[in-house]
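S.K.: One gets the working numbering by counting positions in the sequence shown from 1 and adding 537 to each. Note that the Cβ used here is the ideal one computed from N, Cα and C, for glycine as well. Note that the coordinates shown come from a computational prediction; the quantities given were computed from them, not determined experimentally.
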Amino acid sequence: MNLSARAVRRPAPRNLFVVDLAPRTESFEREVAAGLSRSPKTLPPKFFYDQRGAQLFTAICGTRAYYPTRTENRILVQSSSEIAAAIGRGAVIIEYGAGEIDKVRRLLPSARPAMYVGLDISGDQLVRASTALALDHPWLSVVAVIGDYHSELEAELTLPAHARRIVFFPGSTIGNFEPDGAREFLRRVRALVGESGGIVIGVDLQKPVDVLDLAYNDPQGYTAAFNLNLLARMNRELGADFDLSAFAHRAFYNAERARIEMHLLSVREQRVHIGGRVFAFAAGETIHTENSYKYTPESFSALAREAGFGLQRMWTDPAHWFGVFFLHN
Ligand code: AVI
538 MNLSARAVRR PAPRNLFVVD LAPRTESFER EVAAGLSRSP KTLPPKFFYD QRGAQLFTAI
598 CGTRAYYPTR TENRILVQSS SEIAAAIGRG AVIIEYGAGE IDKVRRLLPS ARPAMYVGLD
658 ISGDQLVRAS TALALDHPWL SVVAVIGDYH SELEAELTLP AHARRIVFFP GSTIGNFEPD
718 GAREFLRRVR ALVGESGGIV IGVDLQKPVD VLDLAYNDPQ GYTAAFNLNL LARMNRELGA
778 DFDLSAFAHR AFYNAERARI EMHLLSVREQ RVHIGGRVFA FAAGETIHTE NSYKYTPESF
838 SALAREAGFG LQRMWTDPAH WFGVFFLHN
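#1: Return the residue from the list Val614, Val740, Ile597 and Val664 that minimises the CA-CA distance to Arg642.
#2: Which of helix, strand or coil does DSSP assign to Leu864?
#3: I think Gly860 touches Phe837, with their Cβ atoms under 8 Å apart; what is that distance to the nearest whole Å?
#4: Are there any heavy atoms of the ligand AVI lying less than 6 Å away from the beta-carbon of Thr823, as far as the coordinates show?
#5: Among residues of its own chain, excluding the 5 on either side of Phe816, which ones have a beta-carbon nearer than 6 Å to its beta-carbon?
#6: Out of curiosity, what's the CA-to-CA distance linking Ala479 and Phe784?
#7: Arg551 by DSSP, collapsed to three states: which one?
#8: Tell me, which residues are paired with Ser803 by DSSP?
#9: Quick check on Gly735: does DSSP put it in helix, strand or coil?
#10: Shorter than 6 Å, the distance from the beta carbon of Gly599 to the closest heavy atom of the ligand AVI, or not?
#11: Which residues does DSSP pair with Asp778 in a beta bridge?
#12: Does DSSP put Gly634 in a helix, in a strand, or in coil?
#13: Given Tyr653, which residues of its chain have a CB within under 6 Å of its CB, disregarding the five upstream and five downstream residues?
#14: How is Leu677 classed by DSSP in three states: helix, strand or coil?
#15: Does the stretch 767-775 touch the stretch 585-595, meaning 3 or more C-beta pairs lie closer than 8 Å?
#16: Are Ile658 and Phe706 touching if we call contact CB-CB under 7 Å?
#17: Do you know how far the Cα of Gly735 is from the Cα of Glu637?
#18: On the criterion of 16 or more Cβ atoms from any shown chain inside 10 Å, does Thr760 qualify as buried, or is it exposed?
#19: At the level of alpha carbons, what is the spacing between Leu801 and Ala762?
#20: Can you tell me which of Ile824, Lys640 and Ala623 puts its alpha carbon nearest to the alpha carbon of Thr606?
#21: If you drop the 5 nearest sequence neighbours on each side, which residues of the same chain put their C-beta closer than 7 Å to that of Tyr790?
#22: Under 6 Å Cβ to Cβ from Arg850, same chain only, skipping five residues before and after it: list those, please.
#23: Rounded to whole angstroms, what is the Cα-Cα separation between Leu742 and His857?
#24: Taking the beta carbon of Arg601 as the centre, do at least 16 other beta carbons fall within 10 Å, making it buried, or is it exposed?
#25: By a C-beta neighbour count over all protein chains shown, 10 Å radius and 16 as the cutoff for buried, is Gly812 buried or exposed?
#26: Is Asn713 near the ligand AVI, going by C-beta to nearest heavy atom under 6 Å?
#27: Given 6 Å as the limit, tell me if Gly813 has its C-beta closer than that to any heavy atom belonging to the ligand AVI.
Below, the structure written as structure tokens:
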């Protein structure tokens, strides 16, 4: 199969192809310098996911406090045959932010896609997880694309011409996009899947604030470690000299904007050096590292409509904490 000019490796199972479209280190250095020069300081959440960050995120997903993973999994299990029926047989399933590639497994037996394309920025985790997927499903062509959400899949891969294309975007990662970015992303998905395609997308819904606050301040401290790992990553990869004990994890629900905000708070006045540049922090100043927007079924349907999608269906849990939406053109 001639999949892509950049199909650089084909490790053991024969039904697995790996394509490396990862942005290079310069982009990390450039975006860090730009984000820390802004007022207020910001860093894009995509940089959380180096090898250590991906491990910490997996640990977060296993906590009691972080309800989205188990709630979405339950919906996927309970409604798997209906979701698979919406996808249809023989499709190409393209998963953004594939991570451990566990959720899609619940849909594969009924959906029997022709091809699975998993895209993720954490290359080691993606190669490991896609190898396991390919070994467990010898009948399935598995393509692992190491890249971010802006990777031009259409330009880089030759996807089967006549199969229906379905994007699978679980985990409520859409909540980490600003609403404009979410609309833009959905528009690009529409262009990728075409007339006959669609998207199965997990969306975290609004709920009592104490539940939200606990989910982003888990008692085991994995979320704090995940947030602080961004500083450790800059130390490792960019030779920065962040003192991790001089920063604290802060996460809270901003009800006005319907989002969890994560910040790294400088506990004292300090200066940090990164690649020949100096960044000054006042005591109490923060780096805003992530937003996680929480929708209502109505507000998410409205956003999807603005991107040109129609809502076909939503599956949810009894408490309506999480929604799995099927949107189509
Ligand atoms: C990946 N994303 C959906 C997670 C979230 O809930 O926004 C990232 C996360 N940040 C802290 N905990 C989990």
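M.R.: With the structure as the only source:
#1: Within the sequence shown, numbered from 1, the residue matching residue 642 stands at position 105. Of all alpha-carbon atoms in Val614, Val740, Ile597 and Val664, the one lying nearest the alpha-carbon of Arg642 is that of Val614.
#2: The sequence position of residue 864 within the sequence shown is 327, counting from 1. Strand.
#3: Working through the sequence shown from its first residue, we reach residue 860 at position 323. Working through the sequence shown from its first residue, we reach residue 837 at position 300. About 7 Å; that satisfies the 8 Å criterion.
#4: For the purposes of this step, residue 823 is identified with residue 286 of the sequence shown, where counting begins at 1. Result no, Cβ not under 6 Å from the ligand AVI.
#5: What you label residue 816 is simply residue 279 of the sequence shown in a count that begins at 1. Once the five neighbours on either side are set aside, the close Cβ partners of Phe816 are Leu573 and Val809.
#6: Nothing can be reported for residue 479: it is not among the residues displayed for the chain, which extend from 538 to 866.
#7: Your numbering for residue 551 matches position 14 in the sequence shown. It is coil, neither helix nor strand.
#8: Position 266 of the sequence shown holds residue 803. Answer is Phe784.
#9: In the sequence shown, residue 735 corresponds to position 198, counting from 1. Here Gly735 sits in strand by DSSP.
#10: On the sequence shown, position 62 is the one that residue 599 refers to. No, since every heavy atom of the ligand AVI falls outside the 6 Å radius drawn around the Cβ of Gly599.
#11: Here residue 778 is taken as the residue at index 241 of the sequence shown, counted from 1. DSSP lists no partner for Asp778.
#12: Within the sequence shown, the letter at position 97 stands for residue 634. Correct three-state label for Gly634: coil.
#13: For the purposes of this step, residue 653 is taken as the residue at position 116 of the sequence shown. For Tyr653, where only same-chain residues beyond five positions count, the Cβ hits under 6 Å are Ile630, Leu677 and Val679.
#14: Counting from 1 along the sequence shown, the entry for residue 677 is found at position 140. If DSSP states are grouped into helix, strand and coil, Leu677 belongs with coil.
#15: Contact between the stretch 585-595 and the stretch 767-775 is present: three or more C-beta pairs spanning the two stretches fall below 8 Å.
#16: By 1-based counting over the sequence shown, the position of residue 658 is 121. By 1-based counting over the sequence shown, the position of residue 706 is 169. Not a contact, by the Cβ cut-off of 7 Å.
#17: By 1-based counting over the sequence shown, the position of residue 637 is 100. By 1-based counting over the sequence shown, the position of residue 735 is 198. Rounded to the nearest angstrom, the two C-alpha atoms are 22 Å apart.
#18: Taking the first residue of the sequence shown as position 1, residue 760 is located at position 223. Thr760 is buried by the Cβ-count criterion.
#19: Working through the sequence shown from its first residue, we reach residue 801 at position 264. Working through the sequence shown from its first residue, we reach residue 762 at position 225. Cα to Cα, Leu801 sits roughly 11 Å from Ala762.
#20: Translated into the one-based positions of the sequence shown, residue 606 becomes position 69. Minimum Cα distance to Thr606 is reached at Lys640.
#21: Reading the sequence shown from its first residue, position 253 is the one you call residue 790. Taken in chain order, the residues that qualify are Val746, Leu749, Asp750 and Ile797.
#22: Start at 1 with the first residue of the sequence shown, and residue 850 comes out as number 313. Phe863.
#23: If you number the sequence shown from 1, residue 742 lands on position 205. If you number the sequence shown from 1, residue 857 lands on position 320. If you take the alpha carbons of Leu742 and His857, they lie about 7 Å apart.
#24: Start at 1 with the first residue of the sequence shown, and residue 601 comes out as number 64. It is exposed - the Cβ of Arg601 has fewer than 16 other Cβ atoms within 10 Å.
#25: Here the question's residue 812 lines up with position 275 in the sequence shown. It is exposed - the Cβ of Gly812 has fewer than 16 other Cβ atoms within 10 Å.
#26: For the purposes of this step, residue 713 is identified with residue 176 of the sequence shown, where counting begins at 1. Yes, since a heavy atom of the ligand AVI falls inside the 6 Å radius drawn around the Cβ of Asn713.
#27: Against the sequence shown, residue 813 aligns to sequence position 276. No.
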